[in-house]
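Trainee: Quick note: numbering that gives the first Met the number 0 has the sequence shown finishing at residue 250, numbered continuously throughout. C-beta atoms are modelled at their ideal positions from N, C-alpha and C, and glycine is treated no differently. Mind looking over this structure? Questions follow.
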Amino acid sequence: MIFKRAVARLRAQDWMAIGIEIGIVIIGVFIGTQVSNLNNARIEQAKTQQMARDLQPELRNLARDLRIMIAYYATARRYGDTAFAGWRDDPRVSDRDFVIAAYQSSQNVLTGVNNASWSQIFGSDRLRDLQNQRLRESLSALMTTDLAGFERDLSTEYRRDVRMAIPEDIQDAIRAHCGDRRTGLATIALPPTCTLDLPEARFTAAAQALRANPKLVGELRYHFAVVASYVETIRFLHDLTHSALQQITRA
């Protein structure tokens, strides 16, 4: 209809009317494009919000596992305090408890957090589409925090050297009866106590070997300094995860 009117006015050389008709067409195309773009943006934003909500189970699992890891390293630290007391010849610490604590204080567990997998699940493009700035910042930090360096540092000289000093039968018994315990899917805990049915003489000999190697004391101090840095990072990740969950819930 507009085309027919335009042709008729062109023949009549009604330039003002022709200009108005062309203007109407241009404005109509512009408005249609804007409406289409707005609808597409709303659809993409809805997809982004839904994807953020879909992350909630993963984030809850991560927050739970990080809390358990913090408890794990607190248990390892208590074993370390017993080991330090054993090296000081504290009479309250038996040779058996000393040797077990020296081994258990070197135990570690890793987060298994993979930055690449987070990026694949959510994606940097989706992240930019999030309107909630705090949620965007929390998820961005989760995706970019690299734990690989921290986790490599956990393989300390103490962890290696104490295993070289303690006889293999004691190590085998500790791993079998007091090693990491799964408390759920992909969730690991370190038993707070350890009782082993081995002759006392075996622990006496092992305790003598540990005390004959005093550099292990300094190595254990350094080991716990590394662990402390790692645990601080875990706490940071936990806070980020908790913040992200709160923001998603409020969205």
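Beta-carbon within less than 8 Å of C193's beta-carbon, same chain only, minus the 5 sequence neighbours each way: which residues are those?
Mentor: Your numbering for residue 193 matches position 194 in the sequence shown. Around C193: I99, Q103, I173, H176 and C177.
Trainee: Would you list the residues sitting across from R180 in a DSSP beta bridge?
Mentor: Within the sequence shown, numbered from 1, the residue matching residue 180 stands at position 181. R180 pairs with A188.
Trainee: Would you be able to state if there are at least three C-beta pairs under 8 Å between the region 54-67 and the region 78-91?
Mentor: Cβ pair count under 8 Å is below three, so no.
Trainee: Contact defined as beta carbons within less than 8 Å: I believe D94 pairs with F202. What is the distance between those atoms, to the nearest angstrom?
Mentor: Taking the sequence shown and counting its residues from 1, the one referred to as residue 94 is at position 95. Taking the sequence shown and counting its residues from 1, the one referred to as residue 202 is at position 203. That pair is a contact at about 5 Å.
Trainee: Between the beta-carbon of Y72 and the beta-carbon of V108, is there less than 9 Å?
Mentor: Start at 1 with the first residue of the sequence shown, and residue 72 comes out as number 73. Start at 1 with the first residue of the sequence shown, and residue 108 comes out as number 109. A contact, by the Cβ cut-off of 9 Å.
Trainee: Output the distance between the C-alpha atoms of L244 and S137, rounded to the nearest integer angstrom.
Mentor: As a working note, residue 244 is residue 245 in the sequence shown. As a working note, residue 137 is residue 138 in the sequence shown. Distance between the alpha carbons of L244 and S137: 9 Å.
Trainee: Taking only three categories from DSSP, how would you classify Q207?
Mentor: Your numbering for residue 207 matches position 208 in the sequence shown. Three-state result, Q207: helix.
Trainee: If I'm right that T74 touches I233 with Cβ under 8 Å, what's the distance once you round it to whole angstroms?
Mentor: Translated into positions along the sequence shown, residue 74 becomes position 75. Translated into positions along the sequence shown, residue 233 becomes position 234. Contact doesn't hold; Cβ gap of about 14 Å is too wide.
Trainee: Roughly how many angstroms separate the alpha carbons of E150 and Y229, rounded to a whole number?
Mentor: Here the question's residue 150 lines up with position 151 in the sequence shown. Here the question's residue 229 lines up with position 230 in the sequence shown. Rounded to whole angstroms, E150 to Y229 spans 8 Å at the Cα level.
Trainee: Would DSSP call D89 helix, strand or coil?
Mentor: Position 90 of the sequence shown, counting from 1, holds the residue named residue 89. Note: D89 maps to coil in three-state DSSP.
Trainee: Report the option in D196, L195 and D179 whose CA atom is closest to the CA atom of A188.
Mentor: Position 189 of the sequence shown, counting from 1, holds the residue named residue 188. The shortest Cα separation from A188 among D196, L195 and D179 belongs to D179.
Trainee: Measure the alpha-carbon distance for A40 versus L129 and round it to whole angstroms.
Mentor: Counting from 1 along the sequence shown, the entry for residue 40 is found at position 41. Counting from 1 along the sequence shown, the entry for residue 129 is found at position 130. In this prediction, A40 has a pLDDT of 43, which is less than 50 and means its spatial position is unreliable; what the coordinates show is noted afterwards. Roughly 12 Å between the two C-alpha positions.
Trainee: What is the C-beta distance between V92 and D152, in whole angstroms, given that I count them as a contact (C-beta under 8 Å)?
Mentor: Position 93 of the sequence shown, counted from the start, is the residue given in the question as residue 92. Position 153 of the sequence shown, counted from the start, is the residue given in the question as residue 152. Contact doesn't hold; Cβ gap of about 28 Å is too wide.
Trainee: Let's see if you can read the secondary structure: which residues bound the alpha helix (DSSP H) around L134?
Mentor: Residue numbering aside, residue 134 sits at position 135 when the sequence shown is read from its first letter. Segment Q132 to T143, the alpha helix (DSSP H) holding L134.
Trainee: Can you name, in chain order, every residue of its own chain whose Cβ lies under 8 Å from the Cβ of R77, other than the five neighbours on each side?
Mentor: Counting from one through the sequence shown, the residue named residue 77 turns up at place 78. So the qualifying residues of the chain are P191.
Trainee: Out of L209, E231 and G79, which has the shortest C-alpha to C-alpha gap to L251?
Mentor: Residue 251 lies beyond the range of the chain shown here (0 to 250); nothing can be said about it.
Trainee: Using CA atoms only, rank isn't needed, just tell me which of S242, D160, D238 and T143 is closest to L209.
Mentor: In the sequence shown, residue 209 corresponds to position 210, counting from 1. Checked all of S242, D160, D238 and T143; the closest Cα to L209 is D160.
Trainee: Please classify D171 as buried or exposed, where buried requires at least 16 neighbouring CB atoms within 10 angstroms.
Mentor: Within the sequence shown, numbered from 1, the residue matching residue 171 stands at position 172. D171 is exposed by the Cβ-count criterion.
Trainee: Quick one: grab the DSSP three-state call for D94.
Mentor: On the sequence shown, position 95 is the one that residue 94 refers to. Three-state result, D94: helix.
Trainee: Would H241 and I69 be called neighbours here (beta carbons separated by less than 9 Å)?
Mentor: As a working mapping, residue 241 is identified with position 242 in the sequence shown. As a working mapping, residue 69 is identified with position 70 in the sequence shown. No. Outside cutoff.
Trainee: Can you tell me which of the three DSSP states P56 falls into?
Mentor: Residue 56 sits at position 57 when you count from the first residue of the sequence shown. Looking at P56 - three-state DSSP - the assignment turns out to be helix.
Trainee: Could you have a look at Q103 and say whether DSSP puts it in helix, strand or coil?
Mentor: The residue given as residue 103 occupies position 104 in the sequence shown. Correct three-state label for Q103: helix.
Trainee: In or out: F235 buried (at least 16 other Cβ within 10 Å) or exposed?
Mentor: As a first step, residue 235 is located in the sequence shown; it is residue number 236 there, counting from the start. The residue in question, F235, is exposed, as its Cβ has fewer than 16 Cβ neighbours within 10 Å.
Trainee: Report all residues from its chain with a CB closer than 7 Å to the CB of R55; omit the five preceding and five following residues, and keep chain order.
Mentor: Locating residue 55 in the sequence shown gives position 56, counting from the first residue. First, the amino acid is wrong: residue 55 is Gln here, not Arg. Around Q55: L244 and I247.
Trainee: Please name the residue in L134, P90 and N212 whose C-alpha comes closest to that of L58.
Mentor: The sequence position of residue 58 within the sequence shown is 59, counting from 1. Residue L134 is the option with its Cα nearest to L58.
Trainee: What's the gap between the Cα of G148 and the Cα of A205?
Mentor: Residue 148 sits at position 149 when you count from the first residue of the sequence shown. Residue 205 sits at position 206 when you count from the first residue of the sequence shown. If I take the Cα positions, the gap works out to 33 Å.
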